[in-house]
Amino acid sequence: MRLPGKQMLIMACVAWGAALGNSSSAADYYVDAVNGDDARSAVQAQNVATPWRTIQKAANTMAAGDTALIRTGTYRETVTPQSGQTFMAYQSEKPLITGCDPVSGWTVHSGHIYKAPVNSKVFDVFVGATPMLKARHPNEDGDPLTCGEWEAATNTLQSASGRGTGKVVLSGTSRPAGHWVGGWYGGVHGKNPFMVAEGRITASSGSELTCTDLGPGWKGVYGQMWGEGRGYITDHLNCLDAEKEWHWQDGALYLWAPGGGKPAQVVARTRLYGFILTNRSQVTVKGLYFLGASAQVNGGSNNVIDGCHFRHVSPWGTHYYTDARNYYWGGTVDGTSGIHLCGANHVIQNCSVVGGWGHGIHLAGGANLTVSNNYVADFGWSGRFVQSPVSGFGTGLNIVRNTIRRSSGPGIFLYQKNPGDGANVNHVKQVRILHNDIRDCGYLLDDSGNAFIYIQNADVPSADRALHGEIAYNVLIRQFGGQKKHMTGGIYLDNGTDFCSIHHNVVDMGDPAHAKRAIFLHGAQHVQENILCYHNTVWGYGQDGIVTHCWGKGGKNGMPQDVVFRNNLAGKGAFRASAIGGNGLVVDHNLSGVAADELVDVANGNFRLKAGAAAINAGVVIPGINDAGSASPFAGSGPDLGAYEYNGVDWTAGSSVIPPVFPNEKAPAAP
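Sequence positions in the sequence shown follow the working numbering and run 179 to 849.
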């Protein structure tokens with residue numbers, strides 16, 4: 179039935195008034211850890227002079243649309259919000275959310291080592307805001323992403339079965355029988371250590387260790403990780419023999435405090451998360467500081483973490499899961515997944531995320547997850563295969579304008595979790611990796627463990643195999659491989675990764691003696707399809723600029739189909755197919771052997787073209803990539819080769835975020 183015009187107008191006014199009423203009913207509440215009181219009423223808490231004390235009180239009381247304005251102070255909470263709520267810093271103040279509690283009751287254990295009762299499991303220890311070191315043998319040199327101080331060691335393989343024996347022989351340490359039993363061994367071994375060999379020590383005698391709970395790097399799941407290498411022992415009281423080291427077991431925390439005296443101002447991390455959003459939607463967390471605490475978003479939709487700053491996100495854990503699907507990733511139970519985003523349309527933006535044994539930001543499945551304008555650095559201290567500053571899987575992943583620094587392996591690691599998890603659930607699809615500045619990766623690992631960007635979507639049905647993606651406008655510079663045995667590629671698309679455009683990237687591997695390739699397309703046991711490499715500038719490698727390496731079986735022969743290398747610029751090497759294949763590969767309008775003096779400042783990472791460079795106007799038009807309707811239209815008589823157009827529209831990469839000084843911190847964050 180059609181309503182008369184007057185009735186329609188009245189109904190529209192009622193709806194408009196209801197909308198205004200809903201908007202005006204949203205309230206601001208104040209929280210102050212120093213001067214607050216949770217016994218106050220909701221009306222009182224709307225006055226800045228009479229705030230609540232805890233954030234959880236606000237979460238329990240507020241309605242959808244309400245905001246908690248949080249004042250400077252230390253909040254020792256794990257907050258569980260309701261959908262539609264906002265939690266943000268009051269004005270420019272720095273509220274600190276922490277998973278740590280003060281430790282007291284210290285008594286001498288032996289020498290400089292003190293102990294105190296802490297019944298809950300301890301994940302991290304701080305003196306003030308300064309992190310202490312998890313006890314380790316050999317002792318850490320101050321940088322958890324170096325392995326030069328690890329002890330030379332050899333692990334062994336059962337030749338008959340192809341499985342690891344769990345045996346390790348240390349080169350320089352001999353201890354009485356049982357000295358290391360109960361500890362944890364981790365090491366990099368063999369010619370291709372792209373993950374650590376690790377396990378729980380069940381027997382030790384002299385220089386020999388026997389381990390169980392062996393991970394895939396030792397079980398024989400992957401080859402070439404046997405023999406000589408380097409390793410360390412941790413998670414044992416006998417490792418505690420130096421200043422700033424700590425260990426927890428059986429309800430007691432042990433610490434050799436800075437300066438060697440009685441510990442003071444010690445806090446221990448006994449909670450993993452500052453915020454947990456399980457099946458919550460439209461929650462915003464903004465402008466908060468997190469020390470020894472992470473955030474977990476598991477399910478729900480449209481949640482936002484904005485302008486927050488995190489330190490020491492993912493703690494050490496044994497990382498061993500009997501379910502192989504979780505072995506690589508770690509998880510929320512031990513906190514190794516770091517900031518955990520799972521669900522639909524979640525966003526983390528404008529944040530700094532620094533420091534951890536596992537992941538920094540982990541996209542744990544779902545759709546349309548966005549990581550934008552963040553500074554993410556110093557992750558993967560454990561040396562696990564996939565634990566990186568930014569990692570994960572899902573459909574519609576947007577990783578845009580981030581600065582990523584210092585990783586044991588890749589800077590960005592996207593990987594199909596497990597073929598048995600259900601159709602279309604854990605695949606990597608429709609990925610956009612744009613305008614990121616990624617440097618200093620592969621500190622501990624080699625091969626696929628040390629690319630700047632590594633993507634694998636293996637062993638899924640052919641209909642679901644495609645990666646519909648774009649990797650563009652990224653600056654990837656100077657990779658420092660820790661082992662420097664098998665450095666494979668800067669951008670590495672591995673088994674089963676197809677349907678991707680790779681364009682306008684700068685890849686400087688920075689180590690021609692050890693880095694073989696800049697962009698590596700590895701097609702194992704499937705046909706490579708529709709991978710388009712345009713306008714990339716590649717440098718600092720020893721063998722190939724861009725290469726498709728195909729091999730296969732079952733008559734497929736791994737041949738590339740619709741794989742194109744065009745308008746690329748290289749310092750040396752070739753653009754080619756290697757091993758089996760070559761059919762379907764198109765290679766034209768590329769230039770290699772370019773001299774550094776044709777570019778502005780290679781030594782300082784500026785790969786823009788100088789006037790008169792041979793690459794200017796030497797390319798061909800590619801619709802949507804360099805034509806008038808694209809983001810990088812050509813400026814001369816034709817497109818230039820390489821990532822930058824001379825006198826054209828310039829592009830930049832990286833985040834505007836700089837890690838801030840933390841509350842109680844005496845010095846700025848390390849770069």
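Even glycine gets a Cβ: it sits at the ideal position worked out from N, Cα and C.
Would you report the Cα separation of residue i and residue j, rounded to the nearest angstrom?
i	j	result
Q443	P280	7 Å
A130	C711	With the chain running from 179 to 849 in the structure shown, residue 130 is simply not present.
F468	V374	29 Å
I539	A307	22 Å
S679	D722	19 Å
G384	R314	18 Å
I291	Y207	45 Å
V780	I248	47 Å
Q402	H613	35 Å
E648	R610	5 Å
N602	A217	Model confidence at N602 stands at a pLDDT of 40, short of 50, so the residue's coordinates are unreliable and nothing is read from them.
W362	V226	50 Å
G365	V606	29 Å
A246	G536	31 Å
I655	K345	38 Å
T252	A211	6 Å
Y824	A792	11 Å
A618	F571	The question names Ala, but residue 618 in the sequence shown is Asp. Spanning the two alpha carbons is a distance of roughly 23 Å.
L763	S756	11 Å
V192	G243	Caution applies to V192, whose pLDDT of 38 falls short of 50 and renders its modelled position unreliable; the model cannot decide the point.
S349	I411	13 Å
Mapping DSSP to helix, strand and coil, what is residue i?
i	result
K750	coil
D775	helix
G850	Summary: the structure shown does not reach residue 850, with the chain confined to residues 179 through 849, and so no result is reported for it.
A241	coil
P280	strand
W535	coil
I233	helix
Q565	coil
W362	strand
P309	strand
N784	strand
K731	Here the model assigns K731 a pLDDT of 45, short of 50, so the residue's position is not dependable, and the following value carries that caveat. Reduced to three states, the DSSP call for K731 is coil.
V491	strand
W396	helix
Assign residue i to buried or exposed, taking buried as 16 or more other Cβ atoms, counted over all protein chains shown, within 10 Å of its Cβ.
i	result
K312	buried
V638	A caution first: V638 carries a pLDDT of 40, below 50, which makes its placement in the model unreliable, though a value can still be read off. V638 should be labelled buried.
G437	exposed
G771	exposed
K422	buried
G627	buried
V347	exposed
N213	exposed
Q634	buried
S834	exposed
Are the beta-carbon atoms of residue i and residue j separated by less than 8 Å?
i	j	result
D672	E707	no
G407	G439	no
V445	C278	yes
P309	D319	no
R744	I800	yes
Q657	A691	no
P811	V827	yes
G784	N746	Here the sequence assigns Asn to residue 784, which means Gly is not the residue at that position. Taking 8 Å as the Cβ cut-off, N784 and N746 do not qualify as a contacting pair.
G525	T548	According to the sequence provided, residue 525 is Val. The question's Gly does not apply to it. Their beta carbons are under 8 Å apart, which means V525 touches T548 by this criterion.
L455	N481	yes
A267	L541	no
D818	I794	yes
P588	Y632	yes
G478	R447	no
May I ask you to list the residues that DSSP assigns as paired with residue i?
i	result
M266	L247, K464
A545	A522, T573
D314	According to the sequence displayed, residue 314 carries Arg and not Asp. Per DSSP, T412.
Q427	A430
Y451	S472
V347	T332, E386
Y553	S530, T581
A755	T726
E406	T332
L710	S679, V742
Does at least one heavy atom of the ligand ZN sit under 7 Å from the Cβ of residue i?
i	result
T343	Absent from the structure shown: the ligand ZN. Ligands present: none.
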